[in-house]
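Numbering (this note's numbering), first residue to last: 17 to 111. First up is the structure itself, then whatever we jot down about it.
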Amino acid sequence: MVEKSGKGRKKEVLIREYIISLLKHLHDYTFKKMAHKAIKEIRKFGQKAMETTDVRVDVKLNKQVWSLGIWGVPRRVRVRIAWKRNGEEDVKEEL
17 MVEKSGKGRK KEVLIREYII SLLKHLHDYT FKKMAHKAIK EIRKFGQKAM ETTDVRVDVK
77 LNKQVWSLGI WGVPRRVRVR IAWKRNGEED VKEEL
């Protein structure tokens, strides 16, 4: 849940750190789809944790997941999720 400041407005930036166990999320998938599914599971985790549909994966995180190839996904990943206000105009979600 997002913390609110005293005047009822939501904070501009909220940062949390998580350790995602990819091993338990990916044990059903075939080897040739592991890295693709890992990125999708990280996005799904971010959507659930920050209660938003707009989740963007950083280039460094993408390289870390793909560093061992399509089969060799790391067992767990430390992720820093930042919840920021969207500065673009005409968007569905402002956060």
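Using N, Cα and C, we set each Cβ at its ideal position, and we do this for glycine too.
CB-CB length for residue i against residue j, believed under 8 Å
i	j	result
arginine 59	valine 73	6 Å
arginine 101	leucine 39	Rounded, the Cβ-Cβ distance is 34 Å, inconsistent with contact.
isoleucine 55	arginine 96	Not really, about 16 Å apart at Cβ, beyond 8 Å.
valine 29	tryptophan 99	7 Å
valine 71	glycine 62	4 Å
Residue i, buried or exposed, once every other Cβ within 10 Å from all chains shown has been counted against 16
i	result
glycine 103	exposed
alanine 51	buried
isoleucine 35	exposed
glutamate 67	exposed
leucine 84	exposed
valine 89	buried
glutamate 33	exposed
DSSP-derived helix/strand/coil call for residue i
i	result
valine 32	Here residue 32 turns out to be arginine, not valine, going by the sequence shown. Arginine 32: strand per DSSP, three-state reduction.
isoleucine 97	strand
arginine 92	strand
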